[in-house]
Amino acid sequence: MIKSIIFDFGGVIYDIDHQKTKSAFAQLGLADFDRLYSHAVQTKLFENFETGKIAPADFRKALRAYLPTNCTLQAIDRAWNALLLGFDKERLLLVRKIAQHYNLFLLSNTNQIHYDYYFSELKTTGLEHLFVSSFKKLYFSHQIGLRKPDLESFSLVIEENALSKNETLFIDDFDLNIAAAKMSGLHTKLLEPGMDLFSLFSAEGKLFP
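If you count by my numbering, then the sequence shown holds residues 1 to 209, one letter each, in order.
This is the structure we're talking about:
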């Protein structure tokens, strides 16, 4: 019987579209974002930013090296944040109902720039309390120094909250994270394209059989 649920954030609770950031950087003069991404992966730029090992200023500086010299830091932030589409209030209301039946936790790969953006959005829209109070605890990669699919990230949530693996479900939209959660001993559900939380939960907030 599932008693606790660990949610991914982007693509599960919060709407995102990675293509929009790729297009935004192209408009700034970076035609080959894939080359930047490949190089950044090799140098662990994104990984280090997501685990809080480098500051936003250093991350912007690294990106700026690929862009025209007249590109502003504000423009870089706008392009980097372009993938963030926003909260869906109905989905947050569903999460609130889910929290009436299960202990909820959030485990998100993110970074300081994105974190500041969507928490600013929460404050502006008046949804911060609805979001935050639905979870027992929020785990953001740049704050805990760990990211999925590292097994240590799952262990942290499990051990800090004394969760029973056999009674805990992990929901994510990325198959590598799902595979890691399974290796950690958790139940899992992959949110596939075309699915959302309403595909997994009833209107009352209970998991479908």
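Every residue, glycine too, gets a C-beta built ideally from N, C-alpha and C.
Q) Just how far apart, CA to CA, sit residue 87 and residue 12? A) Roughly 10 Å between the two C-alpha positions.
Q. Looking at C-alpha atoms only, which residue of 196, 187 and 199 is the closest neighbour of residue 6?
A. Comparing Cα positions, the closest option is 187.
**Q.** Closest residue to residue 265 among 165, 142, 93 and 176 (Cα-Cα distance)
**A.** Nothing in the structure corresponds to residue 265, since the chain is present only between 1 and 209.
(Q) Given this structure, state the Cα-to-Cα distance separating residue 72 from residue 31, to the nearest angstrom. (A) 17 Å
Q: Determine the contact status of residue 18 and residue 63, defining contact as a CB-CB distance below 7 Å.
A: no
Q | Coil, strand or helix - residue 139 by DSSP | A | strand
Q | Host beta strand (DSSP E) of residue 210 (start-end) | A | Given a span of 1 to 209 for the chain in the structure shown, any question on residue 210 remains unanswerable.
Q) Under a three-way DSSP split, which group does residue 92 fall into? A) helix
Q. Between the C-alpha atoms of residue 146 and residue 51, what's the straight-line distance to the nearest angstrom?
A. Cα to Cα, residue 146 sits roughly 6 Å from residue 51.
Q: Could you check the C-alpha separation between residue 14 and residue 91 for me, to the nearest Å?
A: 9 Å
(Q) My output table needs one value for residue 144: the three-state DSSP class, helix, strand or coil. (A) Here residue 144 sits in helix by DSSP.
Q: Identify, in the order they occur along the chain, each residue of the same chain with its Cβ nearer than 6 Å to the Cβ of residue 33, setting aside the five sequence neighbours on each side.
A: 22 and 25
Q. Is residue 171 helix, strand or coil by DSSP?
A. Looking at residue 171 - three-state DSSP - the assignment turns out to be strand.
Q: Look up residue 190 in the DSSP assignment and say whether it is helix, strand or coil.
A: strand
Q.
Taking DSSP's pairing of strands, which residues face residue 166 in a bridge?
A. DSSP, once it has assigned bridges, lists no residue as partnering residue 166.
Q | N-terminal and C-terminal residue of the alpha helix (DSSP H) that residue 25 is part of | A | 18-27
Q. Mind checking residue 208: buried by the 16 CB within 10 Å criterion, or exposed?
A. exposed
Q.
Going by C-alpha to C-alpha distance, which of 165, 129, 118 and 96 sits closest to residue 201?
A. 96
Q: Locate the beta strand (DSSP E) running through residue 105, then write down its first and last residues.
A: 103-108
Q | Bounding residues of the alpha helix (DSSP H) (the contiguous stretch that carries residue 154) | A | 151-160
Q: Pull up the distance between the alpha-carbon of residue 16 and that of residue 81, whole angstroms please.
A: Cα-Cα distance, rounded: 10 Å.
Q. Between residue 66 and the rest of its own chain, which residues show a CB-CB distance below 8 Å, the 5 nearest in sequence each way excluded?
A. Excluding residues within five positions, the ones whose Cβ falls inside 8 Å are 30 and 36.
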